[in-house]
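Taking the numbering used here, the leading residue of the sequence shown gets 760, the next gets one more, and so forth. Quick notes on the structure that follows.
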Amino acid sequence: MKISLKDNVILLTGGSRGIGAGIAEALGECGATVAIHYRNSEESARELAQKIGNGSKAFQADLQIPEACKNLFTRVKETYGKVDSLINNAGIALEMDEEGEFETWLKAWQQTLQVNLLASAILSREAIGHFKQNGGGRIVFVSSRAAFRGDTTEFMAYAASKGGMVALHRSIARGLGKDNIKSFLVAPGFIQTDMAQQFIDQYGEEYVIDDLALNELTQPKDLAPTICFLVSGFMDHATGCSIDVNAGSYVH
Ligand SMILES: NC(=O)c1ccc[n+]([C@@H]2O[C@H](COP(=O)([O-])OP(=O)(O)OC[C@H]3O[C@@H](n4cnc5c(N)ncnc54)[C@H](O)[C@@H]3O)[C@@H](O)[C@H]2O)c1
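What follows is the structure, encoded as structure tokens:
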């Protein structure tokens, strides 16, 4: 059995760094054409697209703007003529003070829900419309362990946004399977990226490793093969599933 994603066009959000860059490289190794979405890092996104090859290209969009999410899907579809899979990976983890000033608290909640949940919903909506006309497709949500385990009070909005992704993903899987649309969700634990670094800096690597069943921190390359498998077609009968990649830190 060999995973081949040749002739597959895959839109990957937040693909220029961290987990996204790991996923992009792995998809490229499997032969996929990756539409690497980025917000600010044009240079790294373009370099990565070039490194991957297979006609991969970089696409800019600020996912805080609903219209920009919609336009992103359209641009990718028009560039390649089709999209086979969408991977909702981009996300933010804003720390907030539950007892802080109301306006600041509200803004952080709105921003978190917009980028993590609403942008994924808009992109999924566009993908579903296209997949229905194109014979089907696959969506992968990069959620979080926090969706199932909960998070600290400073990251309640983050956990809620990732929990929302779970319900969205399951609804797509249950409601659109007959249209040949499959939905999958991965729930990473702690992955060593820029996002996680702020926590490591604050508490130290040892503290983080103590929380794991394994002896080492998870890297983007430890998650990426799962995503390749999910978009390959080999996992289609697992549509609706959620896969934990958390180094045994939360088993449920
Ligand atoms: N690193 C972890 O420990 C961890 C754990 C669980 C889940 N996750 C999830 O994995 C995904 C990737 O995280 P990461 O660790 O690689 O983080 P990261 O901060 O390195 O990358 C996040 C990506 O999202 C993009 N992004 C953020 N805001 C955006 C916006 N407004 N518009 C467009 N793009 C935007 C960034 O440009 C970046 O490419 C996120 O959804 C995150 O919640 C990460």
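Glycine included, every Cβ here is placed at the ideal spot set by N, Cα and C. As the structure is a computational prediction, the values presented were derived from the model and not from experiment.
Apart from the 5 residues on each side of it in sequence, R897 sits with its Cβ closer than 6 angstroms to the Cβ of S844, K941, V990 in its chain, given in chain order. Around the beta carbon of H796, 16 or more other beta carbons sit within 10 angstroms, so the residue counts as buried.
Taking the Cβ of Q823 as the reference point, at least one heavy atom of ligand 1 falls within a distance shorter than 7 angstroms. S844 carries a strand assignment under DSSP once its states are collapsed to helix, strand and coil.
Per DSSP, the beta bridge partners of T977 are I950. Counting the other CB atoms within 10 Å of its CB gives D953 a total below 16, which places it among the exposed residues. Bounds of any beta strand (DSSP E) do not take in K866; it lies within the alpha helix (DSSP H) bounded by 861 to 871. With contacts defined as CB atoms closer than 8 angstroms, A906 and K921 qualify as a contacting pair. The nearest non-hydrogen atom of ligand 1 is less than 7 angstroms from the C-beta of A820. The three-state secondary structure of G934, taken from DSSP, is helix.
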